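So the structure is just underneath, and the comments pick up after that.
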Amino acid sequence: MRTFTFQRSYLLPFFIIPLFFVSATQAQVIRPYTNIYSDNIRGGHVIIGNTITAIFTSGSGSTGVINTAQMNDFSTSGTGDYTYGRTSAYGNDNSNIQFVDIDGVGSTANSSSANLILPAGSNVIKFARLYWGGRIKSNTGGLNNVNLRTAKVKFNSEGYQTITAALGAIDKSIVGGGGTDSVYQAYFDVTSYVNVRGNGTYYMADIAAATGSISGGGYFAGWSLVVVYENLSLAYSSIRIYDGFLQVYDDGSVTSQTITLSGLNPPATFALASDAYMSTVAWEGDANLAASLANPNGDFINVNGKAVSNTANPVTNMWNGTISKNGVHLSGNKNPDFKNQMGIDIDEVEVGVGFGISPATTNVNVVFGTEADQYFPSIFAFTMKTKPPLVQLDKIVKDTASGNAPWQLPNNLLNPNEILTYTITGKNLGSGSAFNCVITDTLPGGLTFRTGSLKVNAPTPGVSVGFQTDANGDDAAFKGTFGGKDYIKFFIGTGSTSVSGGTLAANDSFSVQFQCIVPSNATIINFVSNTARITGTEQDGITPFVDDGTAIIGPIGIGLPVKMTAFTVQKINTDAVLRWTTAGETRNDYFEIQRSMDGINFNSVGTVSGSGTTADIKNYQYIDPLINSVKVIYYRMKVIDIDKKGSYSKIVALRLDGLLALKNFTIYPNPFTTDLKLQISSAKETAITIRINNAAGQLESNYSINVQAGENIVVLSNLEMLKPGLYFMEIISEDGKFTNKIIKR
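Residue numbers (this note's numbering): 306 to 1050.
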């Protein structure tokens, strides 16, 4: 259990795609890396593939005998050179490498298969490309040789289709070490082919390559299939696919090569390693060649300065012939099914944490190194989940005769003809950006908008700070009329215009204000409640967000038929469970529960009877079956009194596309005198904000903290500065906002 103590803090009055090579030592750039796919969709990527050769004890193909003991050896035992981090005692060099042929089709010279397993639900293939290659002899021909560019592909029990890569869609390099053999790869777009077929077993056959026994890397051949899929049930993600062809060769000494992948543009700050994953393909890495005692690096890859490693891929032997996912061999999904492919690596690793991938870094630096090996990097693919924004809006009101400080004290009573200054502030407390951000405020009846009072304050991004005109279309704000009611609107955020909202990045803050004039017949017993709203979308441009802030001026308690102290919504099984608590009701007939898919347009889904007039604490619950596949559902309540007049509660949001970070929390002692303690149970390390508002909705204290996975004790000290009375504590996390009533003695 972790304990925190905090002092009270008081409030103060698409893409550039090119790739550049940074350095190259003892290596060749056969084809520079470029971005071949870039999009932001709900979905991800996957790479499958297999070897098409193996070590044979006799014969070849379907009638030969494969040395399965050597192909499946995965151990770090043994002595000799370059054994630190090796994962097998066997390699291609001087081994009897022959074709495998598993398809049962007599006309094919070689064949192997792998299973494509996409997530459940409807998948649309946005991009798919096949790669095949191997080592060939010097007399095989040049880049335009049609035999190298031709192979066969089939799906499940269908027949084979012959594919031929275009001229130029092939890479070829002389094998290092002074020989005349070459290594090549060819590639061919199969997006339409895979989109029609989807999940299942994909076969490749008749890949051109040499076989037999040779030194200097040995013979090998294989294939891979990179697929980008869209699935609307998944998180919105940024997906980038890069390919190229490099030769990383020791040439008798330790060597390294650095490249920069440009245009990555990560969409969010990641909280979990699984929030971003990277897949790689490389040819001809050897499991038996790692590091010597004199060189701690061995056969490695660094991403933004951090070495990639896991159980299947040691830090000194990344390129070791494995097909793996997060350190686990992908067994059971390919034929033949070896642990060591003897010539092709296909590995997926999580890179959300520790690899310096964040919105502040649009590029990724990759360093390849080796001491004793030779390999040919081919594909890099990234999927990076976006994070939802969590925009918090607050509103305060101050009154004065002139509209300027000093403000009238006490600042809670209306006087004839005085000027009310409304200030709307907020911040994006989430990890993701908020888009299309617009603030709207419908003015209460009886108040008159003060001409020329629209103003944008620092540090609002994307907007010129200062007064705005009242006209529509010439700056960041305007005053309009709709349905006989006046309203004001602000367009804020980076990239905003005079007609559309812009972007609030994580931790961006905003502040705007306007003024109204109180009517001449107002008295100190009058009451005015005014609510502002910010709306926008998540990065997909579809999923909406909304937050409200209310400023109240007038005698505390007047005009509040129901004192609601808590209102939450939680997903339990297949239901949305709404719970709320009241600390007093006056002539309350019933609660009308309203639901919205966009946070703007609400429909009634049910009612719960009120308690009439009571001073007792009452707890309520409503269960709403979840029948819609949207990512976020919004709820509010309309409180109807006996005279059929209604008022609205705040809006609460229920996210349906992720696990809750905060499992539960307890506040004690309550009532309190000086200090408050919170016991918070968290499913993971996460940032939270704790806010204390007074009964009028005005912010009194604000805390930003990080909690660890498990049980946490948070101490909020020095709260004796708060006046005795009723307050509301908001706990804001990536899950949303939870509100509880607290009482200061």
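Note that the Cβ used here is the ideal one computed from N, Cα and C, for glycine as well. Just so you know, these numbers come straight off a predicted model, no measurement behind them.
Apart from sequence neighbours up to five positions away, the residues of its chain that approach L752 with a beta-carbon distance below 6 Å are C821, ordered along the chain.
Counting along the chain, the unbroken alpha helix (DSSP H) around S497 starts and ends at 496-502. In the three-state DSSP reduction, N444 falls in the helix class (H, G or I). Under the 8 Å Cβ criterion, the segment 779-792 does not count as touching the segment 804-813, having fewer than three qualifying pairs. Taking 3 residues as the minimum length, the beta strand (DSSP E) runs contained wholly in the segment 902-944 are 907-919, 923-930, in order along the chain.
Restricting attention to beta strand (DSSP E) runs no shorter than 3 residues, the segment 602-679 encloses them at 605-608, 628-630, 649-655, 669-675, ordered along the chain. Burial is judged here by how many other beta carbons sit within 10 angstroms of a residue's own beta carbon; D852 has at least 16 and is buried.
The beta carbon of I353 sits closer than 6 Å to the beta carbons of A419, L421, L530 from its chain, once the five residues preceding and following it are set aside; these are given in chain order. Contact between F673 and I606 holds, since their C-beta atoms are separated by about 6 Å, short of 8 Å. For M583, DSSP records a beta bridge to V654, F687. In terms of Cβ geometry, L961 and K936 form a close pair [threshold 7 Å]. Taking 7 Å as the cut-off, the Cβ atoms of A433 and V495 count as close. Within the same chain, Cβ atoms closer than 6 Å to the Cβ of A782 are found at L759, Q773, F795, the five residues on either side in sequence being excluded.
Ranked by how close their Cα comes to the Cα of S412, the residues I544, Y465, D948, G841 have Y465 in first place. A Cβ-Cβ separation of about 4 Å places D903 in contact with P849 under the 8 Å criterion. Between the alpha carbons of R336 and N593 lies a gap of roughly 28 Å. The C-alpha of Y940 lies about 30 Å from the C-alpha of V761.
In the DSSP annotation of this structure, the continuous segment of the beta strand (DSSP E) that includes R838 starts and ends at 833-842.
With three or more CB-CB distances shorter than 8 Å, the segment 731-749 counts as touching the segment 825-845.
In the three-state scheme derived from DSSP, where H, G and I count as helix and E and B as strand, L566 is classed as strand. Measuring C-alpha to C-alpha distances from N733 to each of T919, G632, T994, T705 identifies T994 as the nearest. 7 Å or more divides the Cβ of K611 from the Cβ of F681. Residue state for S803 is assigned as coil, using DSSP reduced to three classes.
Judged by their CB atoms, T688 and I544 are nearer to each other than the 7 Å cut-off. For L1024, the secondary structure class from DSSP, reduced to helix, strand or coil, is helix. The DSSP-derived three-state label of L961 is coil. Secondary structure note for V1012: its beta strand (DSSP E) is the uninterrupted segment 1004-1012.
Per the DSSP secondary-structure output, G731 pairs in a beta bridge with L698, F815. Contact annotation, V586 with I651: C-beta distance approximately 5 Å; criterion of less than 8 Å satisfied. For N452, the three-state secondary structure derived from DSSP is helix.
In the displayed model, S412 falls within coil according to three-state DSSP, outside both helix and strand.
Here D398 is not near G481, since their CB atoms are 7 Å or more apart. The beta carbon of N924 sits closer than 6 Å to those of T886, all from its chain and outside the five residues before and after it, given in chain order. Excluding five sequence positions before and after T978, the CB atoms of its chain that fall closer than 6 Å to its own CB belong to R1050, given in chain order. Residue F525 holds the alpha-carbon nearest to the alpha-carbon of N401 among I479, T485, F525, Y342.
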